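Chains as they are written, first to last, in this note's numbering: chain A, 5 to 127; chain B, 61 to 729. One structure below.
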Ligand code: SF4
Ligand code: FES
């Protein structure tokens, strides 16, 4: 708890900064929480929309429905919109670039072959 | 000495300089395609046009001799327009296929059209197309791209001495060809690839391998022969992609032999990349520790240990081996000779090429004694030819070495002729009397236990008589020989092969009877001696280590690491250093710098790097010998297969086949 408190004072990449916390406290209105626990807010006249992440500050963690809302592509929150669900749709995940889960084509995963021919004692 | 004015700056130039050279002395760059310092002047590309006062038309500066009072302009509107015009004409029939051309990125035409060319082309007709020509396994042709500068023809005729290339037809239909669609029969043929200013002649083995800007360039030394040509090794990742010459006026000028250039693909095949140990008659992969323990066990059993170094071994390794064996067993039994080879190491002049290579140009008489410089030391041969062409110097030979690309006057093939010359009963004695700088070149073919002493001493006697002892030259074949001699790695009173334990470093030529012997083979490439070894240690090839080599003049040159030894292989001196720890007799150096300063301390004969040794021929002792009635027997040289790297190379094999094909006539089967 205490650690989280200090983190929010000294870093900007954990959940929220002190400024955001105060701003949310005074002029924010919670409009919804997505499946990952990110909380979405707007101010009174809806001129500002923001998100407080549940964990790392990384905009690719916002799922597509909330992406619509936060970029003001849709006026209403996702729970008021009817989305079509297809069986090919996958669970949203953040951008894995730079992490262990990063995608690489199968070629580069294979072990690199020697570029020389070995001498064989039997030959 | 004419005075000329270039762009308002007055300079004085030597007699016989051309306007182009004068401009260059004045610091002006003149674009050119056909002009080349080392070739004759052709004056057919017209790219070098400059404006000259009182001349109504622009003049081709490469062909115009500089004369007193000329006023030359290189940056006027007229010159600019002339260059643009020439460029536009040159590009009329040029395919502009730079993206798929191997020359792209290092192409004179590309660079100069960017710098001096005009706008777009106004030519709307079809470009001409020319059939590909066959020039052998090394030179790939794309004759559409040729701009007819004729550099290749002039090179083949003047430097290589094989009039195999030529131009047929005239005007727009001109084509460069080998006439009979045959391989260019020269050991220098691939230099035309560097000379060709466009991508018409490119390298076949390197075709589409890499772009010049992707390559890492390392300037180093060649070890394919004893000349020590200066080369640049281009690597992409681990692979050595190509080898190019580096200019060194004292050694190879700007050429290298085909073997130097193309044996590099041997570096990626047949590599020993891990230690092996023989168990139940079979070589089994093992770890370094196992191999070292086995060696130290064997070393405890006997003090009868001998070392034999091969033809590509560097100074550091020879020195380490010598020190290791003498500290372990007190044995001095280290040698570099893999065949019957007469040496007289009492004075360095007895085994050096005493004439500095650059001074071959000044010689006025040559005598080859059982030497075949064309195959044994190609770059030396091109110097002899240069001298022959420019000064009509006569070349005599005892023993017929075959075609040397210049005229050879055969004195006969009996070595007793030398005695006749000494007694002045041979007509050659008159020649040498008149000559100021005669050069004797003694080949390894006659340096055997039977003839060696006679040839060497008689030659010395003759040269001494005419006060020309500095013209005594031994033509070594192997890159390691002179270094080993200077390090004292020879054994005159005992045969190394008689030892119970043999430590071979890259010694792959010698025939060994491995009965009751323990053989250690350390090297980079597998060979017949690797198979009979009891322990095999993986070493590094010449492009994979920082090392010193001594060329046949005695010049010490540094080679640099261009890539890494493959797999578990290590640099050779490091292997010996590590082994000395296991044997509890650690060698007294840990770094290459310490090792080198040890070498230079213990052997004062070694000059500074890149310098010639200070050897005085005056106090050379000369013995008189009885006449010997014996014929010169040339030991056969398979030019493209002289060492293990070349033997592992596919390209060298192709060259060999191509040359054999060339020798065949229509009626042969
Ligand atoms: S092939 Fe190359 S070197 Fe030969 S004439 Fe053509 S452009 Fe010149
Ligand atoms: S360089 Fe002068 S004409 Fe070609």
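Note that CB positions come from ideal geometry on N, CA and C, so glycine has one too. None of these values were measured; they are calculated from a predicted model.
*Determine the DSSP secondary structure at residue 175 (chain B), reduced to helix, strand or coil.*
helix
*Would you kindly work out how many angstroms separate the C-alpha atoms of residue 22 (chain B) and residue 268 (chain B), rounded to a whole number?*
Look at the range of chain B in this structure, 61 to 729, and you will see that residue 22 (chain B) is not part of it.
_Within 8 Å of chain A by C-beta, residues of the segment 101-112 of chain B in sequence order_ = none
*Which residues have a Cβ closer than 7 Å to any heavy atom of ligand 2, listed in chain order?*
B:80, B:92, B:93, B:94, B:95, B:102, B:103, B:104, B:105, B:106, B:107, B:108, B:120, B:121, B:122, B:123, B:209
*Going along the chain, which residues of its own chain have a beta-carbon closer than 6 Å to the beta-carbon of residue 281 (chain B), five neighbours each way excluded?*
288, 609, 617, 619
*Going straight from the alpha carbon of residue 231 (chain B) to that of residue 260 (chain B), what length do you get?*
18 Å
*Are there 16 or more other CB atoms within 10 angstroms of the CB of residue 107 (chain A), so buried, or fewer, so exposed?*
exposed
_Closer than 7 Å: residue 260 (chain B) CB and nearest ligand 1 heavy atom_ = yes
*Could you tell me which residues DSSP pairs with residue 292 (chain B) in its beta bridges?*
B:279, B:304
_chain A residues whose Cβ lies nearer than 9 Å to that of residue 626 (chain B)_ = 118, 119, 120, 122
*asked:* When you compare the segment 171-181 of chain B with the segment 687-698 of chain B, are there three or more beta-carbon pairs, one atom per stretch, that lie closer than 8 Å?
replied: no
_Beta-carbon spacing of residue 700 (chain B), residue 446 (chain B) below 8 Å_ = no
*Residue ranges of each alpha helix (DSSP H) run of no fewer than 4 residues wholly in the segment 38-111 of chain A, ordered along the chain?*
68-74
_Min CB distance residue 329 (chain B) to chain A below 8 Å_ = yes
_Pull the bridge partners of residue 519 (chain B) from the DSSP assignment, please._
For residue 519 (chain B), which the question treats as bridged, DSSP gives no partner whatsoever.
_Nonlocal neighbours in the same chain, by C-beta distance under 8 Å from residue 677 (chain B), ignoring five residues either side_ = 409, 414, 529, 530, 532
*Going by Cα to Cα distance, which pick from A:84, A:64, A:69 is closest to residue 100 (chain A)?*
A:64
_For residue 563 (chain B) and residue 579 (chain B), I'd like the C-alpha separation in whole angstroms._
6 Å
*Taking residue 250 (chain B) as the reference, which of B:237, B:216, B:83, B:312 has the closest Cα?*
B:216
*In chain order, each alpha helix (DSSP H) run of at least 4 residues that lies wholly inside the segment 155-227 of chain B*: 168-176, 211-214
*residue 637 (chain B) versus B:332, B:200, B:377, residue with shortest Cα-Cα distance*: B:377
_One question on the structure: do residue 670 (chain B) and residue 372 (chain B) come within less than 8 Å of each other, judged by their Cβ atoms?_
no
*For ligand 1, is there a heavy atom less than 7 Å away from the beta-carbon of residue 211 (chain B)?*
yes
_Less than 8 Å between CB atoms is the rule here; does residue 621 (chain B) satisfy it with respect to chain A?_
no
*asked:* Going by beta-carbon coordinates alone, are residue 402 (chain B) and residue 508 (chain B) separated by less than 8 Å?
replied: yes
*CB contact below 8 Å: residue 586 (chain B) versus chain A*: yes
*Three or more C-beta pairs below 8 Å linking the segment 455-473 of chain B and the segment 671-690 of chain B*: no
*Near residue 675 (chain B), what residues of its chain come up, given a Cβ to Cβ distance below 6 Å and the 5 sequence neighbours on each side ignored?*
408, 409
_Taking its Cβ as the centre, do 16 or more other Cβ atoms sit within 10 Å of residue 70 (chain A), making it buried, or is it exposed?_
buried
_So with CB distances below 9 Å, who are the chain A contacts of residue 590 (chain B)?_
123, 125
*Shorter than 8 Å from the beta carbon of residue 157 (chain B) to some beta carbon of chain A?*
no
*Cβ of residue 332 (chain B) less than 8 Å from any chain A Cβ?*
yes
*chain A contact for residue 299 (chain B) (CB, 8 Å cutoff)*: yes
*Look up residue 110 (chain B) in the DSSP assignment and give the residues it is bridged to.*
B:119
*Beta carbon of residue 295 (chain B), beta carbon of residue 276 (chain B): below 8 Å?*
yes
*Where residue 435 (chain B) falls: helix, strand or coil (DSSP)*: helix
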